[in-house]
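Worksheet for the structure shown next.
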Amino acid sequence: MVDDGRALLSSRVADTLLGAKESWTRRMFEQAAQLRRDGGGPVHDLSLGNPSLEPPARWIRALHELLDDPAPGMHRYMTNAGFPEVREFIARREGERFGLPVLCGQVTMTVGAAGGLNVVMRSMLDPDDEVIVPTPYFSEYDHYCANASARLRPVPFGPGFGLDVEAIAARLGERTRLVLVNSPNNPSGAIYPAEQLDRLAETLTRANAGRERPIFVVEDSPYRDLTHDGAAVPSMMERYPHTIHITSHSKDLGLAGERIGYVVLSPRAAGTELLARAFAFCNRVLGFVNAPALMQRALPRVLGHADGRVDVEVYASRCRRMASGLAELGFDVPPPRAGFFLFPGLPARLRDEDGGDVALTERLLAERTIVVPGVAFRVPGHLRLSMAADDDAVDGALAAFRRVCA
838 MVDDGRALLS SRVADTLLGA KESWTRRMFE QAAQLRRDGG GPVHDLSLGN
888 PSLEPPARWI RALHELLDDP APGMHRYMTN AGFPEVREFI ARREGERFGL
938 PVLCGQVTMT VGAAGGLNVV MRSMLDPDDE VIVPTPYFSE YDHYCANASA
988 RLRPVPFGPG FGLDVEAIAA RLGERTRLVL VNSPNNPSGA IYPAEQLDRL
1038 AETLTRANAG RERPIFVVED SPYRDLTHDG AAVPSMMERY PHTIHITSHS
1088 KDLGLAGERI GYVVLSPRAA GTELLARAFA FCNRVLGFVN APALMQRALP
1138 RVLGHADGRV DVEVYASRCR RMASGLAELG FDVPPPRAGF FLFPGLPARL
1188 RDEDGGDVAL TERLLAERTI VVPGVAFRVP GHLRLSMAAD DDAVDGALAA
1238 FRRVCA
(Lines of atoms letter the chains of each structure in order from A and count residues from 1; the text may use other names and numbers.)
(Lines give C-alpha, C1' and ligand atoms only; values in the text may rest on other atoms or scores of the structure.)
Protein backbone atom coordinates (compact mmCIF):
# COMPACT_ATOMS: atom_id res chain seq x y z
CA MET A 1 0.00 0.00 0.00
CA VAL A 2 1.34 3.43 -0.98
CA ASP A 3 1.14 5.76 2.00
CA ASP A 4 0.44 8.92 0.01
CA GLY A 5 -2.54 7.35 -1.78
CA ARG A 6 -0.95 7.75 -5.21
CA ALA A 7 -2.39 4.41 -6.37
CA LEU A 8 -5.90 5.83 -6.01
CA LEU A 9 -5.27 8.57 -8.57
CA SER A 10 -4.46 8.81 -12.23
CA SER A 11 -0.73 9.26 -12.74
CA ARG A 12 -1.20 12.78 -14.13
CA VAL A 13 -3.28 13.97 -11.19
CA ALA A 14 -0.97 12.26 -8.71
CA ASP A 15 2.09 13.87 -10.31
CA THR A 16 0.39 17.24 -10.04
CA LEU A 17 -0.96 17.03 -6.50
CA LEU A 18 1.93 15.12 -4.95
CA GLY A 19 4.76 16.47 -7.07
CA ALA A 20 6.00 19.85 -8.19
CA LYS A 21 3.32 20.53 -10.81
CA GLU A 22 0.60 21.79 -8.49
CA SER A 23 -0.40 25.37 -9.30
CA TRP A 24 1.71 27.83 -7.33
CA THR A 25 -1.23 30.24 -7.33
CA ARG A 26 -3.61 27.75 -5.73
CA ARG A 27 -0.88 26.51 -3.40
CA MET A 28 -0.28 30.01 -2.06
CA PHE A 29 -4.02 30.72 -1.85
CA GLU A 30 -4.42 27.60 0.32
CA GLN A 31 -1.47 28.71 2.45
CA ALA A 32 -3.30 31.97 3.10
CA ALA A 33 -6.47 30.09 4.05
CA GLN A 34 -4.49 27.93 6.49
CA LEU A 35 -2.90 30.99 8.09
CA ARG A 36 -6.36 32.48 8.62
CA ARG A 37 -7.60 29.26 10.22
CA ASP A 38 -4.58 29.17 12.52
CA GLY A 39 -5.15 32.75 13.69
CA GLY A 40 -2.37 35.09 14.72
CA GLY A 41 -3.32 38.27 12.91
CA PRO A 42 -4.24 39.54 9.45
CA VAL A 43 -3.08 37.78 6.30
CA HIS A 44 -2.05 39.94 3.35
CA ASP A 45 -3.13 37.69 0.49
CA LEU A 46 -2.04 38.89 -2.95
CA SER A 47 -2.09 35.43 -4.51
CA LEU A 48 -5.34 35.08 -6.42
CA GLY A 49 -7.19 37.32 -8.87
CA ASN A 50 -10.25 37.19 -6.63
CA PRO A 51 -12.02 40.55 -7.07
CA SER A 52 -12.55 42.49 -3.85
CA LEU A 53 -15.06 44.83 -5.49
CA GLU A 54 -18.66 43.66 -5.27
CA PRO A 55 -20.75 43.37 -8.46
CA PRO A 56 -22.36 46.64 -9.57
CA ALA A 57 -25.79 47.55 -8.20
CA ARG A 58 -27.27 47.16 -11.69
CA TRP A 59 -26.31 43.47 -11.62
CA ILE A 60 -28.00 42.94 -8.26
CA ARG A 61 -31.15 44.67 -9.54
CA ALA A 62 -31.13 42.49 -12.65
CA LEU A 63 -31.04 39.33 -10.53
CA HIS A 64 -33.90 40.58 -8.36
CA GLU A 65 -35.99 41.40 -11.44
CA LEU A 66 -35.37 37.98 -12.94
CA LEU A 67 -36.18 36.12 -9.74
CA ASP A 68 -39.22 38.24 -8.85
CA ASP A 69 -40.76 37.83 -12.31
CA PRO A 70 -39.24 34.65 -13.75
CA ALA A 71 -39.70 33.68 -17.38
CA PRO A 72 -41.31 30.23 -17.71
CA GLY A 73 -38.61 27.57 -17.77
CA MET A 74 -35.88 30.01 -16.78
CA HIS A 75 -34.12 27.42 -14.63
CA ARG A 76 -34.49 24.43 -16.97
CA TYR A 77 -32.02 22.95 -19.42
CA MET A 78 -31.49 24.85 -22.63
CA THR A 79 -29.40 24.09 -25.71
CA ASN A 80 -25.84 23.34 -24.62
CA ALA A 81 -24.61 26.48 -26.37
CA GLY A 82 -26.87 28.68 -24.23
CA PHE A 83 -30.13 30.60 -24.54
CA PRO A 84 -30.54 31.71 -28.19
CA GLU A 85 -31.72 35.20 -27.22
CA VAL A 86 -28.68 35.73 -24.99
CA ARG A 87 -26.35 34.50 -27.73
CA GLU A 88 -28.04 36.89 -30.19
CA PHE A 89 -27.34 39.74 -27.75
CA ILE A 90 -23.69 38.72 -27.32
CA ALA A 91 -23.27 38.25 -31.08
CA ARG A 92 -24.47 41.83 -31.72
CA ARG A 93 -22.15 43.27 -29.06
CA GLU A 94 -19.11 41.32 -30.21
CA GLY A 95 -19.87 42.07 -33.85
CA GLU A 96 -19.91 45.79 -33.08
CA ARG A 97 -16.70 45.51 -31.05
CA PHE A 98 -14.78 43.77 -33.84
CA GLY A 99 -16.56 45.10 -36.92
CA LEU A 100 -17.58 41.59 -37.96
CA PRO A 101 -20.97 40.03 -38.80
CA VAL A 102 -20.99 37.65 -35.81
CA LEU A 103 -24.04 35.37 -35.71
CA CYS A 104 -25.85 33.74 -32.81
CA GLY A 105 -24.59 30.35 -33.98
CA GLN A 106 -20.99 31.53 -33.57
CA VAL A 107 -21.41 32.20 -29.83
CA THR A 108 -21.21 29.51 -27.14
CA MET A 109 -22.01 30.48 -23.55
CA THR A 110 -19.54 28.82 -21.19
CA VAL A 111 -18.72 28.29 -17.53
CA GLY A 112 -16.32 31.22 -17.45
CA ALA A 113 -13.32 31.72 -19.72
CA ALA A 114 -11.68 28.65 -18.16
CA GLY A 115 -14.62 26.52 -19.24
CA GLY A 116 -14.42 28.07 -22.69
CA LEU A 117 -10.73 27.26 -23.05
CA ASN A 118 -11.31 23.64 -22.04
CA VAL A 119 -14.22 23.34 -24.47
CA VAL A 120 -12.19 24.74 -27.37
CA MET A 121 -9.12 22.62 -26.66
CA ARG A 122 -11.11 19.42 -26.22
CA SER A 123 -12.96 20.17 -29.46
CA MET A 124 -9.89 20.87 -31.59
CA LEU A 125 -6.87 18.99 -30.22
CA ASP A 126 -5.71 15.41 -30.64
CA PRO A 127 -3.13 13.75 -28.38
CA ASP A 128 0.33 15.30 -28.86
CA ASP A 129 -0.99 18.27 -30.82
CA GLU A 130 0.80 21.47 -29.83
CA VAL A 131 -0.40 24.81 -28.48
CA ILE A 132 2.06 27.71 -28.58
CA VAL A 133 1.83 30.29 -25.80
CA PRO A 134 4.01 33.34 -25.13
CA THR A 135 5.47 33.69 -21.65
CA PRO A 136 4.61 34.78 -19.06
CA TYR A 137 1.34 32.90 -19.02
CA PHE A 138 -1.47 31.83 -16.68
CA SER A 139 -0.24 28.55 -15.20
CA GLU A 140 -3.56 26.73 -15.52
CA TYR A 141 -3.00 26.62 -19.29
CA ASP A 142 -0.70 23.67 -18.66
CA HIS A 143 -3.57 21.70 -17.15
CA TYR A 144 -6.11 22.74 -19.78
CA CYS A 145 -3.79 21.44 -22.51
CA ALA A 146 -3.17 18.25 -20.57
CA ASN A 147 -6.94 17.74 -20.30
CA ALA A 148 -6.91 17.42 -24.10
CA SER A 149 -3.73 15.27 -24.05
CA ALA A 150 -2.00 18.06 -25.97
CA ARG A 151 1.35 19.76 -25.39
CA LEU A 152 1.81 23.39 -24.36
CA ARG A 153 4.86 24.95 -26.01
CA PRO A 154 5.98 28.19 -24.31
CA VAL A 155 7.97 30.81 -26.24
CA PRO A 156 9.90 33.77 -24.80
CA PHE A 157 8.42 37.24 -24.58
CA GLY A 158 9.63 40.38 -26.31
CA PRO A 159 10.47 43.81 -24.85
CA GLY A 160 7.94 45.06 -22.31
CA PHE A 161 6.41 41.57 -22.07
CA GLY A 162 5.21 41.95 -25.64
CA LEU A 163 5.03 39.26 -28.32
CA ASP A 164 8.22 37.89 -29.82
CA VAL A 165 6.71 37.03 -33.20
CA GLU A 166 9.99 35.61 -34.49
CA ALA A 167 10.10 33.19 -31.55
CA ILE A 168 6.55 32.10 -32.30
CA ALA A 169 7.41 31.59 -35.98
CA ALA A 170 10.41 29.47 -35.04
CA ARG A 171 8.24 27.28 -32.80
CA LEU A 172 5.61 26.48 -35.43
CA GLY A 173 5.65 22.83 -36.45
CA GLU A 174 3.59 20.12 -38.08
CA ARG A 175 1.66 19.47 -34.84
CA THR A 176 0.94 23.14 -34.10
CA ARG A 177 -2.82 23.56 -33.94
CA LEU A 178 -3.36 26.64 -31.77
CA VAL A 179 -1.56 29.81 -30.75
CA LEU A 180 -2.87 31.01 -27.40
CA VAL A 181 -2.84 34.80 -27.02
CA ASN A 182 -3.69 36.30 -23.62
CA SER A 183 -4.07 40.07 -23.89
CA PRO A 184 -4.34 41.94 -21.60
CA ASN A 185 -1.86 39.54 -20.10
CA ASN A 186 -1.99 37.72 -16.80
CA PRO A 187 0.42 38.16 -15.00
CA SER A 188 2.16 41.16 -16.61
CA GLY A 189 -0.80 43.46 -17.34
CA ALA A 190 0.69 44.11 -20.80
CA ILE A 191 -1.54 44.76 -23.81
CA TYR A 192 -0.07 43.36 -27.01
CA PRO A 193 0.33 46.24 -29.50
CA ALA A 194 -1.53 46.25 -32.81
CA GLU A 195 1.75 46.14 -34.75
CA GLN A 196 2.76 42.88 -33.06
CA LEU A 197 -0.64 41.34 -33.72
CA ASP A 198 -0.41 42.42 -37.36
CA ARG A 199 2.92 40.62 -37.71
CA LEU A 200 1.55 37.54 -35.95
CA ALA A 201 -1.36 37.45 -38.40
CA GLU A 202 1.03 37.72 -41.36
CA THR A 203 3.26 34.99 -39.91
CA LEU A 204 0.39 32.56 -39.41
CA THR A 205 -1.07 33.30 -42.84
CA ARG A 206 2.26 32.37 -44.42
CA ALA A 207 2.55 29.27 -42.24
CA ASN A 208 -0.89 28.07 -43.34
CA ALA A 209 0.19 27.72 -46.96
CA GLY A 210 0.06 24.04 -47.84
CA ARG A 211 -1.44 22.97 -44.51
CA GLU A 212 -4.43 20.66 -44.46
CA ARG A 213 -6.04 22.85 -41.79
CA PRO A 214 -5.12 26.34 -40.64
CA ILE A 215 -3.50 27.22 -37.35
CA PHE A 216 -6.10 28.87 -35.12
CA VAL A 217 -5.52 31.69 -32.67
CA VAL A 218 -7.32 31.31 -29.36
CA GLU A 219 -7.61 34.73 -27.76
CA ASP A 220 -8.15 34.62 -23.99
CA SER A 221 -9.22 38.10 -22.96
CA PRO A 222 -11.06 38.30 -19.61
CA TYR A 223 -9.30 41.59 -18.72
CA ARG A 224 -10.23 43.43 -21.91
CA ASP A 225 -12.68 45.76 -20.11
CA LEU A 226 -10.34 46.53 -17.20
CA THR A 227 -7.90 48.86 -18.97
CA HIS A 228 -6.34 51.51 -16.76
CA ASP A 229 -6.14 54.24 -19.38
CA GLY A 230 -9.37 53.49 -21.23
CA ALA A 231 -7.48 52.41 -24.34
CA ALA A 232 -8.96 49.85 -26.70
CA VAL A 233 -7.38 46.41 -26.64
CA PRO A 234 -6.29 45.34 -30.15
CA SER A 235 -7.60 41.92 -31.11
CA MET A 236 -6.69 39.14 -33.51
CA MET A 237 -10.39 38.97 -34.41
CA GLU A 238 -9.83 42.07 -36.52
CA ARG A 239 -6.65 40.76 -38.12
CA TYR A 240 -6.70 37.02 -38.63
CA PRO A 241 -9.67 35.03 -39.91
CA HIS A 242 -9.06 31.82 -37.95
CA THR A 243 -9.54 33.38 -34.51
CA ILE A 244 -11.58 32.23 -31.53
CA HIS A 245 -12.17 34.89 -28.89
CA ILE A 246 -12.89 33.89 -25.29
CA THR A 247 -13.87 36.18 -22.43
CA SER A 248 -15.76 36.21 -19.16
CA HIS A 249 -17.26 38.62 -16.66
CA SER A 250 -15.41 37.34 -13.61
CA LYS A 251 -13.34 40.53 -13.49
CA ASP A 252 -15.28 43.48 -14.92
CA LEU A 253 -18.48 42.51 -13.08
CA GLY A 254 -16.79 40.97 -10.03
CA LEU A 255 -18.41 37.58 -10.68
CA ALA A 256 -15.49 35.17 -10.38
CA GLY A 257 -17.56 32.66 -8.43
CA GLU A 258 -20.58 32.76 -10.75
CA ARG A 259 -18.70 31.39 -13.79
CA ILE A 260 -20.17 33.12 -16.83
CA GLY A 261 -18.28 33.61 -20.07
CA TYR A 262 -18.48 32.85 -23.77
CA VAL A 263 -16.62 31.72 -26.86
CA VAL A 264 -16.96 33.77 -30.05
CA LEU A 265 -15.95 32.29 -33.40
CA SER A 266 -14.81 34.69 -36.08
CA PRO A 267 -17.34 34.46 -38.93
CA ARG A 268 -14.34 34.38 -41.29
CA ALA A 269 -12.84 31.24 -39.71
CA ALA A 270 -12.72 27.88 -41.42
CA GLY A 271 -15.45 25.44 -40.45
CA THR A 272 -17.46 27.72 -38.17
CA GLU A 273 -20.64 25.62 -38.30
CA LEU A 274 -18.93 22.36 -37.38
CA LEU A 275 -16.75 24.05 -34.75
CA ALA A 276 -19.83 25.59 -33.12
CA ARG A 277 -21.46 22.16 -32.97
CA ALA A 278 -18.27 20.73 -31.44
CA PHE A 279 -18.17 23.46 -28.79
CA ALA A 280 -21.77 22.76 -27.77
CA PHE A 281 -21.05 19.02 -27.69
CA CYS A 282 -17.92 19.42 -25.55
CA ASN A 283 -19.73 21.84 -23.24
CA ARG A 284 -22.04 18.90 -22.56
CA VAL A 285 -19.67 15.95 -22.37
CA LEU A 286 -17.07 17.75 -20.25
CA GLY A 287 -19.81 17.99 -17.66
CA PHE A 288 -20.49 21.72 -17.87
CA VAL A 289 -23.75 20.96 -19.77
CA ASN A 290 -24.49 24.68 -20.15
CA ALA A 291 -23.47 28.01 -18.67
CA PRO A 292 -25.46 29.02 -15.54
CA ALA A 293 -28.97 29.95 -16.68
CA LEU A 294 -29.57 32.86 -14.31
CA MET A 295 -26.21 34.44 -15.12
CA GLN A 296 -26.94 34.18 -18.85
CA ARG A 297 -30.30 35.90 -18.44
CA ALA A 298 -28.80 38.77 -16.46
CA LEU A 299 -26.13 39.77 -18.97
CA PRO A 300 -28.39 41.63 -21.45
CA ARG A 301 -29.77 43.72 -18.58
CA VAL A 302 -26.30 44.88 -17.51
CA LEU A 303 -23.74 44.92 -20.31
CA GLY A 304 -23.34 48.18 -22.17
CA HIS A 305 -24.60 50.41 -19.35
CA ALA A 306 -22.30 53.01 -17.80
CA ASP A 307 -22.99 51.58 -14.34
CA GLY A 308 -22.65 48.01 -15.58
CA ARG A 309 -19.11 47.30 -14.41
CA VAL A 310 -16.88 47.70 -11.37
CA ASP A 311 -14.77 50.83 -10.85
CA VAL A 312 -11.50 49.97 -12.59
CA GLU A 313 -9.79 52.99 -11.04
CA VAL A 314 -9.84 51.28 -7.64
CA TYR A 315 -7.62 48.50 -8.99
CA ALA A 316 -5.47 50.91 -11.00
CA SER A 317 -4.80 53.11 -7.96
CA ARG A 318 -3.74 50.10 -5.89
CA CYS A 319 -1.38 49.09 -8.68
CA ARG A 320 0.17 52.56 -8.72
CA ARG A 321 0.55 52.65 -4.94
CA MET A 322 2.23 49.26 -4.75
CA ALA A 323 4.40 49.94 -7.82
CA SER A 324 5.68 53.18 -6.31
CA GLY A 325 6.56 51.48 -3.03
CA LEU A 326 8.34 48.57 -4.72
CA ALA A 327 10.29 50.89 -7.03
CA GLU A 328 11.69 52.60 -3.93
CA LEU A 329 13.01 49.19 -2.84
CA GLY A 330 14.76 48.64 -6.17
CA PHE A 331 12.20 46.45 -7.93
CA ASP A 332 11.71 46.83 -11.67
CA VAL A 333 7.96 47.40 -11.98
CA PRO A 334 6.56 47.60 -15.52
CA PRO A 335 3.36 49.65 -15.26
CA PRO A 336 0.37 47.37 -15.98
CA ARG A 337 -2.06 48.71 -18.57
CA ALA A 338 -4.99 46.51 -17.61
CA GLY A 339 -6.27 44.11 -14.99
CA PHE A 340 -5.17 44.02 -11.38
CA PHE A 341 -1.81 42.24 -11.36
CA LEU A 342 1.70 43.58 -10.91
CA PHE A 343 4.67 41.54 -12.13
CA PRO A 344 7.75 43.23 -10.67
CA GLY A 345 11.27 42.04 -11.33
CA LEU A 346 13.40 41.45 -8.27
CA PRO A 347 16.32 43.77 -7.49
CA ALA A 348 19.64 42.24 -8.54
CA ARG A 349 20.69 41.60 -4.93
CA LEU A 350 17.58 39.45 -4.37
CA ARG A 351 17.48 37.87 -7.82
CA ASP A 352 21.01 36.53 -7.40
CA GLU A 353 20.28 34.98 -4.01
CA ASP A 354 19.75 31.24 -3.73
CA GLY A 355 16.16 30.55 -4.73
CA GLY A 356 15.47 34.05 -6.07
CA ASP A 357 11.74 34.61 -6.41
CA VAL A 358 10.84 31.40 -4.55
CA ALA A 359 13.07 32.32 -1.60
CA LEU A 360 11.54 35.79 -1.41
CA THR A 361 8.06 34.27 -1.59
CA GLU A 362 8.90 32.14 1.45
CA ARG A 363 10.34 35.09 3.38
CA LEU A 364 7.18 37.08 2.71
CA LEU A 365 5.08 34.10 3.80
CA ALA A 366 6.81 34.29 7.18
CA GLU A 367 5.48 37.87 7.31
CA ARG A 368 1.94 36.59 6.60
CA THR A 369 2.12 38.01 3.08
CA ILE A 370 1.14 35.77 0.18
CA VAL A 371 2.48 36.29 -3.35
CA VAL A 372 3.19 33.99 -6.31
CA PRO A 373 6.75 33.50 -7.61
CA GLY A 374 7.47 34.25 -11.24
CA VAL A 375 8.59 30.68 -11.85
CA ALA A 376 4.88 29.79 -11.81
CA PHE A 377 4.52 31.78 -15.04
CA ARG A 378 7.78 30.52 -16.61
CA VAL A 379 9.55 33.80 -15.80
CA PRO A 380 11.75 33.39 -12.71
CA GLY A 381 13.10 36.47 -10.98
CA HIS A 382 9.67 38.08 -10.74
CA LEU A 383 6.66 38.02 -8.43
CA ARG A 384 2.98 38.27 -9.25
CA LEU A 385 0.98 40.46 -6.90
CA SER A 386 -2.80 40.67 -7.11
CA MET A 387 -4.23 44.11 -6.46
CA ALA A 388 -7.69 42.57 -6.41
CA ALA A 389 -7.11 42.27 -2.66
CA ASP A 390 -8.54 45.00 -0.43
CA ASP A 391 -6.64 48.12 0.61
CA ASP A 392 -5.64 46.75 4.01
CA ALA A 393 -4.05 43.70 2.39
CA VAL A 394 -2.20 45.85 -0.15
CA ASP A 395 -0.87 48.23 2.51
CA GLY A 396 0.04 45.37 4.85
CA ALA A 397 1.89 43.59 2.05
CA LEU A 398 3.85 46.71 1.15
CA ALA A 399 4.90 47.07 4.78
CA ALA A 400 6.06 43.44 4.72
CA PHE A 401 8.11 44.09 1.58
CA ARG A 402 9.80 47.00 3.34
CA ARG A 403 10.70 44.81 6.31
CA VAL A 404 12.02 41.97 4.16
CA CYS A 405 13.69 43.86 1.31
CA ALA A 406 15.01 47.07 2.84
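According to the numbering used here, the sequence shown is numbered sequentially starting from 838.
Built from N, CA and C at the ideal position, the CB exists for glycine as well.
Asked: With 16 other Cβ atoms within 10 Å as the buried cut-off, status of residue 893; Found: buried
Asked: 7 Å CB neighbourhood of residue 862 in its chain, flanking five on each side removed; Found: 884, 885, 976, 1209 and 1213
Asked: N-terminal and C-terminal residue of the alpha helix (DSSP H) that residue 901 is part of; Found: 894 to 905
Asked: Every unbroken beta strand (DSSP E) within the region 847 to 897, with a cutoff of 3 residues, ordered by chain; Found: none
Asked: Span of the beta strand (DSSP E), counted from its first residue to its last, around residue 1099; Found: 1098 to 1102
Asked: Cβ shell of residue 841 (< 6 Å), same chain only, five flanking positions each side left out; Found: 855
Asked: Ranges of the alpha helix (DSSP H) found wholly within the region 1065 to 1133, counting only runs of at least 4; Found: 1109 to 1122
Asked: Short Cβ contact (7 Å threshold) for residue 1093 with residue 888; Found: yes
Asked: Nearest residue (CA-CA) to residue 1185, options 944, 1038 and 1167; Found: 1167
Asked: Proximal residues to residue 1123 (C-beta, below 7 Å), its chain only, five neighbours per side dropped; Found: 955, 956 and 959
Asked: Contacts around residue 993, its chain only, beta-carbon distance under 8 Å, and the 5 residues preceding and following it disregarded; Found: 971, 972, 1001 and 1004
Asked: Residue 838 to residue 985 span [Cα, whole Å]; Found: At residue 838 the pLDDT is 47, less than 50, meaning the model places this residue with poor confidence and gives no usable figure here.
Asked: Meets three-Cβ-pair contact criterion under 8 Å: the region 908 to 926 and the region 1108 to 1125; Found: yes
Asked: Residue 838, DSSP secondary structure in three states; Found: Summary for residue 838: the model assigns pLDDT 47, below 50, so the residue's position carries little reliability, and this model does not support an answer.
Asked: Integer Cβ distance of residue 1176 from residue 1063, believed to fall under 8 Å; Found: 5 Å
Asked: 7 Å Cβ cutoff met for residue 941 and residue 929; Found: no
Asked: Residue 1221 versus residue 1179: straight-line alpha-carbon distance, rounded; Found: 6 Å
Asked: Own chain partners of residue 843 with C-beta closer than 8 Å, once the 5 adjacent residues on each side are dropped; Found: 851 and 855
Asked: Top-ranked residue by Cα proximity to residue 1231, from 853, 882 and 875; Found: 882
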